[in-house]
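Accompanying notes for the structure given below.
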Amino acid sequence: MQAARLHEYTDDMSEALRIDDVDRPALERSDQVLVEVEGAGWCQTDNHIIEGMWTDYAPQDLPMTLGHENAGIVAETSEEVTLVEEGDPVICHPVQTCGICRPCRLGEDMYCENSAFNGLTTDGGFAEYLQTNERAVIPLPDGVDPTEIAPHADAGITAYHAVKKAVDELNPGDTCVVIGVGGLGHIGLQCLEAMSAADVVAADIKGEALELAEELGARHTVNSAEEDLPDVIADLTDDEGAQQVVDFVGADETTALAPEIVAAGGDHHIVGYGGHVHEPSQALVNGEFSFRGTLVGKYAELQELVALVDRGDVELRTERHDLGEINTVAERLEHNEIEGRAVIQPP
């Protein structure tokens with residue numbers, strides 16, 4: 088089969104991955120599932136993996152097939168699998184978990200001590216077939232297109248996971264700021280609209296992104312390249328600040344906004360990454376606000392997100408590309424030229 092594989096770390100996205108002919112994965116354990124990939128979303132994390140940013144956090148043996156946002160049709164199952172059968176459409180949680188370690192027993196499967204992460208620590212879905220396990224696959228409702236939903240396996244569940252934490256702290260009429268209305272942010276904004284009665288303020292530096300935010304229900308939009316976001320938030324909240332901020336950018340410039348825009352006792356959720364948090368400890372003590380990180384999400388949360396998609400509350404803006412165009416997609420995302428999510432379709 089054909090697979091897009093990373094052979095060495097590089098900052099040059101134009102030649103990042105190589106299309107190789109490799110063996111179709113074989114099922115080696117009794118709980119495994121082989122999925123014929125219909126769609127695999129390209130993620131900013133894929134760029135970071137190519138650059139070697141994850142080497143200090145996750146073991147990687149190169150060459151490796153990337154791709155952690157996967158959906159498709161079950162091609163084969165091992166003998167003990169009962170959840171799905173051949174021919175079923177599924178979306179694949181990016182993490183294959185064991186189910187028996189303490190984090191799994193506590194329901195915190197994202198912290199599984201024996202996990203394999205598709206496209207990060209084991210071969211992923213930029214290929215014709217993906218080997219995964221029963222604990223990672225979620226059957227799709229009738230009428231849901233696997234190609235269209237694929238990016239929800241990471242982009243969607245990560246946005247949903249952050250928003251779910253924020254919604255727990257939001258009351259009707261509170262203000263929530265969404266920073267960055269891109270591939271994750273446009274999903275998070277829809278989740279906020281579906282799950283809370285807060286006033287959503289969307290901030291971005293691109294006019295097209297702000298137009299999309301208005302279309303998706305944001306009450307206010309701010310072009311932060313032209314307006315001072317702290318001043319706007321102060322005006323909208325009578326100087327109180329936003330109870331929750333969901334930062335889909337995670338750059339130094341956006342994390343630095345927290346002391347000025349987060350209300351006392353509120354949270355600044357960091358979803359995007361690549362920057363740093365450099366705030367003085369006194370700022371956190373004075374405002375008693377918190378920075379909260381976001382790492383993908385639980386299997387059950389992906390089930391919940393699929394339910395929102397099935398109800399029509401959350402939709403993805405996607406563009407589709409053949410496997411051979413994969414480095415072009417990597418380059419375009421590196422230059423912030425993709426609106427929504429790009430989906431790779433194997434042959």
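Residue numbering for the sequence shown follows the working numbering, beginning at 88 and increasing consecutively.
Cβ coordinates follow ideal geometry from the N, Cα and C atoms, glycine included.
Note that this is a predicted model, so its numbers are computed, not measured.
Problem - beta strand (DSSP E) segments (min. 3 residues) lying fully within the region 295 to 378 - result: 307 to 310, 329 to 334 and 349 to 357
Handout entry: DSSP bridge partner residues for H180 (one or two, in chain order)
Key = If you number the sequence shown from 1, residue 180 lands on position 93. DSSP output for H180 lists no bridge partner at all.
Handout entry: Helix, strand or coil at C263 according to DSSP, with G and I counted as helix
Key = Taking the sequence shown and counting its residues from 1, the one referred to as residue 263 is at position 176. The answer is strand: DSSP assigns C263 an E or B state.
Practice task
Kindly give me the distance between the Cβ atoms of G353 and A329, rounded to whole angstroms, as I take these residues to be in contact under 8 Å.
Solution key: Indexing the sequence shown from 1 puts residue 353 at position 266. Indexing the sequence shown from 1 puts residue 329 at position 242. A329 and G353 do touch by the CB rule: their CB atoms are close to 6 Å apart, below 8 Å.
Problem - DSSP three-state assignment for V161, whether helix, strand or coil - result: Position 74 of the sequence shown, counted from the first residue, corresponds to residue 161. The answer is strand: DSSP assigns V161 an E or B state.
Handout entry: Boundaries (first-last residue) of the alpha helix (DSSP H) holding L93
Key = The residue given as residue 93 occupies position 6 in the sequence shown. No alpha helix (DSSP H) holds L93; the beta strand (DSSP E) holding it covers Q89 to L93.
Handout entry: Endpoints, the beta strand (DSSP E) within which I225 is located
Key = Position 138 of the sequence shown holds residue 225. Residues V224 to P226.
Practice task
On the DSSP bridge assignment, give the partners of L121 in chain order.
Solution key: Walking along the sequence shown from the start, residue 121 turns up at place 34. BP columns for L121 point to E163 and Q218.
Problem - Range of the contiguous beta strand (DSSP E) that encloses Q432 - result: Taking the first residue of the sequence shown as 1, we reach residue 432 at position 345. First-last of the beta strand (DSSP E) with Q432: R428 to Q432.
Exercise for the section: Using beta-carbon positions only, say whether G126 and A158 come within less than 8 Å of one another. Expected result: In the sequence shown, counting from the first residue as 1, residue 126 sits at position 39. In the sequence shown, counting from the first residue as 1, residue 158 sits at position 71. Yes; because the gap between Cβ atoms is below 8 Å, this pair is in contact.
Practice task
Give the single residue among V372, P146, E95 and D339 whose Cα lies nearest to the Cα of R266.
Solution key: The residue labelled residue 266 in the question sits at position 179 within the sequence shown. Here the sequence assigns Ile to residue 266, which means Arg is not the residue at that position. Among V372, P146, E95 and D339, the Cα nearest to that of I266 is on D339.
Practice task
Going by DSSP, name the residue or residues bridged to R407.
Solution key: For the purposes of this step, residue 407 is taken as the residue at position 320 of the sequence shown. Residue pairing of R407 in beta bridges, as defined by DSSP: V430.
Practice task
Check whether the Cβ of E123 sits closer than 7 Å to any heavy atom of the ligand ADP, and report yes or no.
Solution key: By its list of ligands, the structure shown contains no ligand whatsoever, and the ligand ADP lies outside what it can speak to.
Practice task
Under 8 Å Cβ to Cβ from G260, same chain only, skipping five residues before and after it: list those, please.
Solution key: Taking the first residue of the sequence shown as position 1, residue 260 is located at position 173. Counting only Cβ-Cβ distances below 8 Å, and skipping sequence neighbours, we find A284, A285 and D286.
Practice task
Starting from the Cα of A246, find the closest Cα among G230, V332 and T164 and give me that residue.
Solution key: Position 159 of the sequence shown, counted from the start, is the residue given in the question as residue 246. Checked all of G230, V332 and T164; the closest Cα to A246 is V332.
Problem - Neighbourhood of D318 by C-beta, 6 Å cutoff - its chain only, sequence neighbours within 5 removed - result: One-based indexing of the sequence shown puts residue 318 at position 231. Excluding residues within five positions, none has a Cβ falling inside 6 Å.
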